[in-house]
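See structure below.
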Amino acid sequence: MSEHIVSVRIYITIFLVLLVGTALTVWAAFVDFPYGLNTVIAMTIAVTKATFVVLYFMHVRYSARLIWVIVGSALFWMAILFAFTFSDYLTRGVLSTGS
Amino acid sequence: MRPIESFELPSPSKVNYLIAVYGLKSWLLTKDHKRIALLYLGSITFFFFVGGIYALMIRLELLTPQGDFLASTTYNKVFTQHGIIMVFFFLIPSIPATLGNFLIPMMIGAKDLAFPRINLLSWYIYLLGGIVTIYALLAGGVDTGWTFYTPFSTTFSNSYVVATGLGIFINGFSSILTGLNFIVTIHTMRAPGMTWFRMPLFIWSHYATSLIMILGTPVIAITVLLVAFERVAGVGIFNPKLGGDPILFQHMFWFYSHPAVYIMVLPGMGVISELIANFSRKNIFGYSFVAFSSLAIAVFGFLVWGHHMFVTPQSVYAGMIFSFLSFAVAIPSAIKVFNWTATLYKSSISYDTPMLYALGFIGLFTIGGMTGLFLAALAVDVHVSDTYFVVAHFHYIMVGGTLMAYLGGLHYWWPKITGRLYPEGWGRFSALVIFVGFNLTFLPQFVAGYLGMPRRYHAYPPEFQVFNVLSTAGASILGFGMLIPAIYFVWSMRYGRHAEANPWHLPGLEWRTQSPPPTENFETTPIVTWDAYEFAPPEETEVVGTLRGEYDRA
Amino acid sequence: MQSWIPLIPDSASSVSWKVDALFFYLSGITLFFTLLISGTLIFFVIRYRRRTPYEIPRPVAGSHKLETVWTVIPFIIAMTIFMWGVFVFFEQYKPPTNAIEVYVVGKQWMWKLQHATGQREINELHVPVGRKVKLIMTSEDVIHDFFVPAFRTKADVVPGRYTTMWFEATKAGQYHLFCAEYCGMNHSGMTGSVIVMEPRDFDNWLSGNTGNMTPATAGQQLYQTLGCASCHGANGEGGRGPALTGTFGSQVSLANGGAVIADEAYLRESIINPQAKIVTGFGPIMPTFQGQVSEDQLMQLVAYIKSLHVGGQQTPVTAASPSPARAVTAPSPTRNAR
Amino acid sequence: MIESHAATPEIHGHPALQHHFENMEQQREAGTLGMWIFLVTEIMFFGGMFLAYTLYRTLYPEAFASASNHLDITLGAVNTGVLILSSFTMAMAVYFTQTGKSRPQVLCLILTLILGLTFLGIKAVEYHQKYTDRLIPGKLIPGAEFTTDPHAVHLLEGATLKQVEMFYYIYFAMTGMHALHMIIGAGLLLYLIIFSLKGRFDPEYHSPVEVIGLYWHFVDIVWIFLFPLLYLLGRHLEHH
């Protein structure tokens with residue numbers, strides 16, 4: 024497995040995308056979107072930016088499957104931490120008030 | 114064709130890792146995984162005896178119901194420090210850092226771990242964490258219980274919480290780096306021919322352990338750090354005065370600390386797989402099931418932490434989910450026990466000391482595991498949580514499981530590690546003493562617990578005394594039993610008979626080099642052409658059941 | 002029933018035999034599997050002991066069939082335990098209606114209890130046989146845990162919030178009360194007893210222990226002294242702040258569009274953190290009372306608000322008619338008897 | 028020198044090959060894998076704080092919005108740009124190492140270090156603002172306890188000062204931990220610069236540059252999330 028060298032053009036493109044993303048998220052923060060969409064939009068932009076960094080700056084796009092598995096497992100375990108903790112907080116009091 | 118006969122024993126006079134270089138500096142700056150394992154062995158043994166002395170004090174205090182041996186403040190510190198020392202400085206590093214460190218490269222045919230310098234670093238970090246913690250203990254001790262529950266730990270305790278927390282935080286990095294090293298080693302350093310399904314189960318279980326170490330430890334690190342930070346700042350996320358929720362601490366704490374139980378017991382299971390197969394000269398029944406059950410435990414172990422919180426204000430629905438998953442995680446453990454037992458069928462069982470420990474492990478682990486079901490069952494847990502039932506249960510897993518496996522493994526690999534034999538008769542005797550003493554210590558605690566005796570009580574109602582007297586009696590036998598191996602191991606390092614390269618006549622890679630091994634482990638990089646535990650050629654394999662050939666021997 | 006050394010604690014509540022039944026079921030399963038495994042082990046160890054030093058047994062391939070069997074059967078057994086546990090658990094934790102209410106405050110290292118009828122107790126709780134008792138609990142400092150082994154139930158007592166538990170005693174006697182969550186220096190001294198009495202004895206005990214104001218009456222006085230009346234009305238009829246009469250147990254719609262059932266926890270939160278959940282139509286003008294009222298006083302305020310019924314027939318306690326017994330939420334035979 | 032190494036297949040040749048590895052490929056693979064696993068632990072480490080943030084943001088949205096609106100959005104945005112740029116220069120440093128151009132490689136590393144220090148400088152300015160506004164939670168700074176003035180922060184409806192303090196506690200925990208990672212990263216960059224100047228790295232052996240690059244990008248990613256979470260969410264409520 025010889026390593027892949029990412030071209031300078033891709034690096035520059037990603038850099039510009041990240042700057043645009045930052046500008047976009049600042050702009051979007053001041054707009055009053057309906058249905059509490061502000062959080063969703065901000066997070067979507069952040070996830071997109073992070074994905075670009077991971078895939079290109081960190082070369083995951085050209086890496087072995089094992090690296091993908093490792094990145095995936097980190098996200099999976101974060102999801103466990105969040106999902107199960109919130110399974111508690113979001114259902115608290117349901118039983119006592121339901122009586 | 115049998116592997117045990119087919120390889121030539123190297124001559125025993127060769128230079129080995131113990132005498133390759135001399136001097137204190139050669140040990141303190143060593144990058145040899147075997148020497149680092151010995152450094153760990155020494156420091157872990159030290160912490161084990163510190164923790165053991167605390168255990169002794171606990172049992173002495175509880176001999177009488179009045180609480181007359183120690184003051185309550187002292188007692189609270191004693192049980193806290195017993196827990197902290199034993200969990201963080203003995204049980205978690207015990208098997209991985211000593212036996213794992215020594216054997217993982219040898220079992221997969223590598224010259225060393227992938228990052229020898231990081232390996233040494235992790236020992237120093239362990240030592241630093243230990244020193245900081247010992248400092249905290251000497252300066253005045255800590256009385257929060259090893260669980261550090263908020264807001265007691267953040268606001269109300271007047272003891273050295275920050276220093277202890279720092280010690281645990283530092284120690285966490287040692288654990289993380291060890292796990293990282295193991296995973297990378299297992300992925301990248303296997304000898305030619307050592308495929309995943311040829312690896313000894315010891316490696317599989319350490320792989321699973323390492324997963325938990327790298328995924329769980331950071332969370333306890335930040336949690337302990339936030340507790341320390343909150344003590345310094347006087348406010349924080351666990352503080353009800355700011356609208357914080359003390360229960361959040363328990364979520365974050367148990368996210369690591371429940372899987373940590375599997376950090377302790379999974380390597381033990383790996384040792385037991387080795388012992389059972391090798392001392393019955395039979396390949397493990399259902400190898401891939403045992404291997405994958407380790408991974409299943411590592412994953413499912415992360416989904417059950419809420420069963421420590423059934424009586425907290427945690428929502429009953431979350432409790433239900435956690436209860437369900439806790440039952441699910443019991444299944445892979447059950448699979449292991451059944452497979453070990455089935456391995457013995459039509460085998461050739463020796464009664465050597467390591468095998469006695471392995472058999473003891475299976476019995477005690479069965480009781481420990483089954484009593485875990487009581488605690489997973491919501492309604493029963495409500496009654497027994499925070500009682501001595503819990504104490505008995507987890508000691509069955511941690512002492513009856515991990516410690517038995519550790520001692521069994523230590524006996525088994527002692528000839529390889531030191532090049533000397535331990536006295537077999539004393540070995541068997543002490544194994545029996547420990548088994549009897551252990552059961553006498555902890556069986557009565559199940560009863561006391563169901564009767565309602567709460568844990569962490571310095572004084573207790575007199576009707577519980579009979580169980581505590583039994584327990585203390587058992588603990589003295591257990592303590593005595595522990596001293597025997599401590600003495601004869603030290604003795605054997607100088608006076609024990611010299612061990613040959615393969616004293617047990619086994620096929621594993623670690624036995625295919627001299628005892629003690631050379632610094633590079635093997636004269637030449639081995640090329641593996643056999644499966645784990647291949648005592649007899651594959652064509653002699655007996656197929657159980659009707660589906661002939663269904664079993665893929667990889 | 003008293004054996005030489007008891008192995009099972011006293012069984013004195015309506016759920017205790019249910020917990021015991023599940024416990025026995027689990028013990029049976031444990032015994033069975035422990036004997037099965039260790040029996041098989043011992044048999045194999047003797048039967049297949051090494052007879053000659055160089056013997057090599059035939060290797061064996063695994064068996065998917067066996068693996069399936071010993072995966073599925075334990076799973077099924079585990080699920081029976083799980084379901085059973087869930088059913089009993091829901092019963093243990095679902096708070097009953099029509100219960101005698103007792104307010105519990107845990108602090109290092111004592112239990113302070115107050116009956117809805119005013120009687121205060123420390124480290125002791127008197128309850129009658131055959132009546133449901135609901136405990137509304139909080140802590141002044143660290144987490145404690147109210148544990149009565151004879152009732153097979155316990156619940157954490159957490160600072161900053163209310164937790165509840167309930168039981169129905171079935172047998173008169175004196176039972177241990179323990180703090181089961183480690184709470185510091187004198188944790189093992191934070192014990193006491195629950196004294197279960199026959200209903201008549203309990204009535205006698207109640208009447209022999211008057212002299213304390215009921216929590217609701219005390220709460221009413223606090224309501225006046227803290228100036229709550231200036232916004233919520235002299236009798237909770239409302240004003241600049243929302244009406245409190247009939248609030249307890251009803252659904253309250255909130256300014257942020259949500260809704261909440263006004264239970265004890267909500268009332269408590271609204272006193273110490275009024276901005277958290279504001280009732281529709283009202284501004285965020287109420288100051289916080291955090292740090293100005295103790296947990297005891299908070300419970301009294303909550304008890305008073307709970308006593309404010311709609312309709313007017315069941316007149317809330319007023320300064321003119323200090324009849325303590327009537328302040329409590331639900332009428333009960335005990336109180337009618339007086 | 029560099030050319031000759033690139034040309035010869037490294038059986039036992041390269042001076043940087045450690046004894047226990049078979050070849051450079053194995054050594055590089057182990058290094059990269061190790062760093063990725065370390066980053067997983069870092070993700071979980073920050074995960075604990077993100078969890079606390081998410082929980083309390085859900086419980087106290089108004090207070091968190093009020094507190095977050097008080098942060099300096101300009102400095103935050105500039106810092107985001109600085110960090111992204113530093114990530115870019117870091118990526119370029121790896122590129123130039125891979126292609127064996129040592130002069131621009133060192134230049135990129137130095138640029139990255141300067142940008143990293145710029146970020147820390149701006150962060151220090153922000154911290155100082157919080158200090159003068161008495162917004163440092165609890166008694167972290169003796170003599171400058173958290174403010175009791177209800178107008179210190181423009182409180183939105185439904186927010187309390189105690190909850191605002193909770194936000195700042197989380198803010199300092201998260202950004203402080205992030206800054207600590209930046210400082211460690213700066214130290215690592217310094218090491219890279221020194222060894223680059225000595226000509227230690229070449230297309231055959233550039234594991235340290237690559238691996239420290241991964242770390243640097245990770246720290247960047249953390250900030251990519253911290254910026255909207257701490258500075259932006261709730262801005263749209265400001266003018267209500």
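Protein chains in written order, with the numbering used here: chain G, 24 to 122; chain V, 114 to 667; chain U, 2 to 339; chain S, 28 to 267. Backbone N, C-alpha and C define an ideal beta-carbon position, used for all residues, glycine too. Predicted model, so just to flag it, every value in this text is computed and none were measured.
Problem - Three-pair Cβ contact test at 8 Å for the segment 273 to 290 of chain V versus the segment 378 to 389 of chain V - result: no
Practice task
Measure from the C-beta of tryptophan 100 of chain G to each C-beta in chain S and report whether the shortest distance is under 8 Å.
Solution key: yes
Practice task
Could you confirm whether any beta carbon from chain V is found closer than 8 Å to the beta carbon of phenylalanine 105 of chain G?
Solution key: no
Exercise for the section: Express the C-alpha separation of threonine 36 of chain G and valine 105 of chain S in angstroms, rounding to a whole number. Expected result: 20 Å
Practice task
Determine the DSSP secondary structure at leucine 131 of chain V, reduced to helix, strand or coil.
Solution key: coil
Problem - Reference methionine 326 of chain V, options V:Val340, V:Gly242, V:Pro372, V:Gly356, closest by Cα - result: V:Pro372
Problem - Opening and closing residue of the beta strand (DSSP E) in which proline 129 of chain U lies - result: 125 to 129
Handout entry: Residues that DSSP places opposite threonine 164 of chain U in a beta bridge
Key = U:Met138
Exercise for the section: Consider the Cβ of valine 318 of chain U: report whether some Cβ of chain V lies at a distance smaller than 8 Å. Expected result: With a pLDDT of 38 at valine 318 of chain U, under the threshold of 50, the modelled position of that residue is not reliable, and no figure is offered here.
Exercise for the section: Report all residues from its chain with a CB closer than 6 Å to the CB of phenylalanine 315 of chain V; omit the five preceding and five following residues, and keep chain order. Expected result: Gly383, Glu387
Problem - Proximal residues to valine 180 of chain S (C-beta, below 7 Å), its chain only, five neighbours per side dropped - result: Ser93, Ala94, His97, Val191
Handout entry: Span separating the alpha-carbon of alanine 173 of chain U from that of alanine 79 of chain U
Key = 36 Å
Handout entry: DSSP-derived helix/strand/coil call for tryptophan 112 of chain U
Key = strand
Handout entry: Near-chain V residues of the segment 138 to 160 of chain U (beta-carbon distance less than 7 Å), N- to C-terminal order
Key = Asp142, Val143, Ile144, Asp146, Phe148, Pro150, Arg153, Thr154, Lys155, Ala156, Asp157, Val159, Pro160
Exercise for the section: Compare the beta carbon distance of leucine 104 of chain G and leucine 78 of chain S with 8 Å and say whether it is the shorter of the two. Expected result: yes
Exercise for the section: Have a look at threonine 642 of chain V and proline 616 of chain V and give me their C-alpha separation to the nearest angstrom. Expected result: 22 Å
Practice task
Alpha carbon to alpha carbon, how far is isoleucine 93 of chain G from proline 230 of chain S? Give it in angstroms, no decimals.
Solution key: 26 Å
Exercise for the section: Reducing DSSP to helix, strand and coil, say where cysteine 135 of chain S ends up. Expected result: helix
Handout entry: Exposure label - methionine 84 of chain U; buried when at least 16 CB within 10 Å
Key = exposed
Handout entry: Positions along the segment 211 to 232 of chain S whose CB lies within less than 9 Å of some CB in chain U
Key = none
Problem - C-beta contact flag for alanine 151 of chain U and alanine 13 of chain U at 8 Å - result: yes
Exercise for the section: Pick helix, strand or coil for methionine 198 of chain U, following the three-state DSSP scheme. Expected result: strand
Problem - alanine 156 of chain U: first and last residue of the uninterrupted alpha helix (DSSP H) it sits in - result: No alpha helix (DSSP H) holds alanine 156 of chain U; the beta strand (DSSP E) holding it covers 154 to 158.
Problem - Segment contact flag, the segment 353 to 371 of chain V with the segment 153 to 161 of chain U, C-beta cutoff 8 Å, min 3 pairs - result: yes
Practice task
Please classify phenylalanine 148 of chain U: does DSSP put it in a helix, a strand, or coil?
Solution key: strand
Handout entry: Below-8 Å beta-carbon distance, tyrosine 112 of chain G vs any chain S residue
Key = yes
Problem - Entirely enclosed alpha helix (DSSP H) segments - the segment 148 to 198 of chain V, minimum 4 residues - result: 185 to 197
Handout entry: Residues in the segment 288 to 301 of chain V having any Cβ partner in chain U nearer than 8 Å
Key = none
Practice task
For glutamate 623 of chain V, name the three-state secondary structure that DSSP assigns.
Solution key: helix
Handout entry: Whole-angstrom distance between alanine 586 of chain V and leucine 42 of chain U, CA atom to CA atom
Key = 28 Å
Exercise for the section: Evaluate the contact criterion for the segment 105 to 123 of chain U versus the segment 248 to 260 of chain V: three or more CB pairs, one atom per stretch, below 8 Å. Expected result: no
Exercise for the section: For asparagine 452 of chain V, count neighbouring Cβ atoms within 10 angstroms of its own Cβ and tell me buried if that reaches 16, exposed if not. Expected result: buried
Problem - Continuous alpha helix (DSSP H) stretch holding leucine 216 of chain S: start and end - result: 188 to 224
Exercise for the section: Consult DSSP for lysine 133 of chain U and reduce its assignment to one of helix, strand or coil. Expected result: strand
Exercise for the section: From the DSSP output, in three-state form, read off cysteine 184 of chain U for me. Expected result: coil
Practice task
Taking 8 Å as the threshold, find out whether the segment 213 to 222 of chain U comes into contact with the segment 189 to 200 of chain U through three or more Cβ pairs.
Solution key: no
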